[in-house]
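Line order of the protein sequences matches chains A and B.
Numbering-wise, the first sequence is residues 806 to 909 according to the numbering used here.
Numbering-wise, the second sequence is residues 145 to 545 according to the numbering used here.
Glycine residues also receive a C-beta, built at the ideal position from the N, C-alpha and C atoms.
These notes are about the structure you will find just below.
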Amino acid sequence: MKKDENVKLTAAQLAIGGLVEAGTGEAFHTGSWRSDRPVWNKDKCINCLTCWISCPDSAIKTAQDEKKGTVVVGIDYDHCKGCGICARECPPKVAALHMEAEKK
Amino acid sequence: MIKPVYSKGKLAAKTGNEVMAEAMRQIEPDVVAAYPITPATEIVQIFSQFVADGKVKTEFVAVESEHSAMSATLAASAAGARAMTGTSSQGLCLMWEMLNIAAGLRLPVVMAEVNRAISAPLNIHGDQSDAMGARDTGWIQIYSENSQEAYDNMIQAVKIAEKAKLPAMVTTDGFIISHCMEVVETYPDEDVKKFIGEYKPERYLLDTKRPFTMGSIELQDYYFEHRWQLAQAMRDAKKIAVDVAADFAKTFGRQYDLYEKYKLDDAEIAIVVIGSTAGTAKVVVDELREKGVKAGLLKVRVFRPFPAQDIAKDLAKVKALAVLDRADSCSGTFAPLYSDIASALFANGITSAKVVNYVYGLGGREIAPNHIAEVYDTLGKIAAGTQKPSTDVNYINVRIK
């Protein structure tokens, strides 16, 4: 059940038992919490997907490539909280991710 | 003795616990998670034997506490299973946190609950303090007068809970029903299974095609609406319980209502009571009726939801009324059943009856026909105006001074 910030649903309109449909987190742009941002270097990336599996916010964007399979295509800055786990986990020899201070 | 009413019914001597386990075998839930506690131990012990013997396909989860038993049961229910458990007294107390969550998440868990005193002092015998402590947790509560009712209530509870989307507990009085052998009429497995039907939840967590979140936080803006839904579901459950009872009567022939009236229609003095003591009180009512005393009885079967309006209507003509509670409230004032009966009468404008409260039978203390006869004797005096009704709790068969 999507909850509009301004229109409050009534008891008759709400799903019973506080059931919330999956995927509502998408509407929350937690990226605004960020103080540091990860920067991804496409040329260095080997698509090992270590960052993707490590990201607690599913903020590593991927796509299907015919030859390479699943590849990294960028970072979802709407939801990335800037925790830096991706940059920490990216293999040091690859170093395709580094953190920069968020510009205010 | 129970008279058979169903053409395909079978009479057998069984204890309350045996017959509740038998009902569970016939219901054959997907999951049972339980922890043993006197006097309810046998229910899940017998049931676990059914599992071990391959008589049911139920997944039995032996847990390490009642808190875990209720957690696992409600989680199984959330996953989409028909889930049941059983407990008593301290076990129900330990479940308390999860009882509220089962109700709040609107999960139709069904529990066999054997009423037992709560500690301290430690006591294993029958009184209703345990279930009365859980009366406002959002659980449907169905109390049984005897083993037959316990069996019939278990079967009905599954259907009521699933329709109301509320958890339900069926209770028996510890030892008095749980361990006493009575003749009970049971119905064939296939007929019970047909009556309860297959459980098809609209939403369940193992439905990977329609994922959802359950139990998320709701603050000032949404919590209240969901608690209103819960309270309203309990109000709506009255009709559901009545409908299921009608369906049950049509199928098996045994009549039930939210409460039972025994020689109440023309009664001038009456007792309201819950559970096995109703059986004792009926004997006293019969004796008094033979002497020409217009005595009656109202036995509450479904205590949650509380059928306040109907009860008030049926007690409107009574001159003096005693509400017998097998639980004290330690509130400084009246016990639970009295409070609900008194507010039901008051809210419905019935102020003619003088209503007194008695607490009896705590920790399995004997309640004999002579004790109940004394209450009726007092009611007779109150009705005649020769004795003033007590304005505080009275106690039966306890040494005070």
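> Taking all protein chains shown into account, do 16 or more other C-beta atoms lie within 10 angstroms of the C-beta of Ile-858(A), making it buried, or fewer, making it exposed?
Replying inline: Exposed, by the Cβ-count rule.
> Looking only at C-alpha atoms, which of Asn-161(B), Leu-408(B), Asp-333(B), Thr-316(B) sits nearest to Gln-285(B)?
Replying inline: Gln-285(B) has its Cα closest to that of Thr-316(B), out of Asn-161(B), Leu-408(B), Asp-333(B), Thr-316(B).
> How long is the line joining the alpha carbons of Glu-851(A) and Thr-835(A), rounded to whole angstroms?
Replying inline: Here the sequence assigns Ile to residue 851(A), which means Glu is not the residue at that position. Counting only the Cα atoms, Thr-835(A) lies some 28 Å from Ile-851(A).
> In whole angstroms, what separates the C-alpha of Thr-231(B) from that of Ser-215(B)?
Replying inline: Approximately 13 Å between the Cα atoms of the pair.
>> For a test of the three-state rule: what should DSSP assign to Tyr-539(B), helix, strand or coil?
In response: Correct three-state label for Tyr-539(B): strand.
>> For Ala-177(B) and Lys-461(B), what's the separation of their Cα atoms in angstroms?
In response: Answer to the nearest angstrom: the Cα atoms are 47 Å apart.
>> Looking only at its chain, what residues have a beta carbon closer than 8 Å to the beta carbon of Thr-495(B), apart from the 5 residues adjacent to it on each side?
In response: If you ignore the 5 residues before and after Thr-495(B), its C-beta comes within less than 8 Å of the C-beta of Leu-489, all in its own chain and listed in chain order.
>> Need the endpoints of the beta strand (DSSP E) that Ser-557(B) sits in, please.
In response: Since the first and last residues shown for chain B are 145 and 545, residue 557(B) lies out of range.
>> Run through chain A and tell me which residues come within less than 8 Å of Lys-443(B), C-beta to C-beta.
In response: Residues of chain A whose Cβ lies closer than 8 Å to the Cβ of Lys-443(B) do not exist, since the nearest Cβ in that chain is about 32 Å away.
> On the three-state DSSP scale, how would you describe Gln-376(B)?
Replying inline: Looking at Gln-376(B) - three-state DSSP - the assignment turns out to be helix.
>> Which residues in chain A have a C-beta closer than 8 Å to the C-beta of Glu-362(B)? List them in chain order.
In response: Near Glu-362(B) (Cβ distances below 8 Å), the residues of chain A are Gly-823.
> Should Pro-173(B) be labelled buried (16 or more other beta-carbon atoms within 10 Å of its own) or exposed?
Replying inline: That one is buried.
>> So with CB distances below 7 Å, who are the chain A contacts of Trp-372(B)?
In response: Those are Ala-816, listed as they occur along chain A.
>> Checking the sheet assignment: what are the DSSP bridge partners for His-903(A)?
In response: Val-844(A).
> So what does DSSP say about Lys-886(A), is it helix, strand or coil?
Replying inline: Here Lys-886(A) carries a coil assignment [DSSP, helix/strand/coil].
> Which whole runs of the alpha helix (DSSP H) in the stretch 308-378 of chain B are 4 residues long or more, in chain order?
Replying inline: DSSP runs (the alpha helix (DSSP H)) wholly in the stretch 308-378 of chain B: 333-340.
>> Distance check for Lys-886(A) and Arg-470(B), CA to CA, integer angstroms please.
In response: Between Arg-470(B) and Lys-886(A), the C-alpha separation is close to 57 Å.
>> Helix, strand or coil for Asp-521(B)? Go by DSSP, reduced to three states.
In response: Secondary structure at Asp-521(B): helix, using DSSP grouped into helix, strand and coil.
> Looking at the unbroken alpha helix (DSSP H) that takes in Glu-166(B), where does it start and where does it end?
Replying inline: For Glu-166(B), the enclosing alpha helix (DSSP H) stretches over residues 160-171.
> By DSSP, does Met-276(B) sit in helix, in strand, or in coil?
Replying inline: Assignment of Met-276(B) by DSSP, reduced to helix, strand and coil, places it in the helix class.
> With a cut-off of 8 Å, does the C-beta of Glu-241(B) fall near any C-beta of chain A?
Replying inline: So, not an interface residue.
>> Short of 6 Å in beta carbon distance, which residues of its chain neighbour Ile-320(B), apart from the five on each side in sequence? Order them along the chain.
In response: Correct list, in chain order: Gly-270, Ser-420.
>> Here's a check: name, in chain order, each residue in its chain whose Cβ is nearer than 7 Å to the Cβ of Lys-382(B), leaving out the five neighbours to either side.
In response: Counting only residues of its own chain and dropping the five nearest sequence neighbours on each side, Lys-382(B) has a CB closer than 7 Å to the CB of Leu-402, Pro-449, Pro-451.
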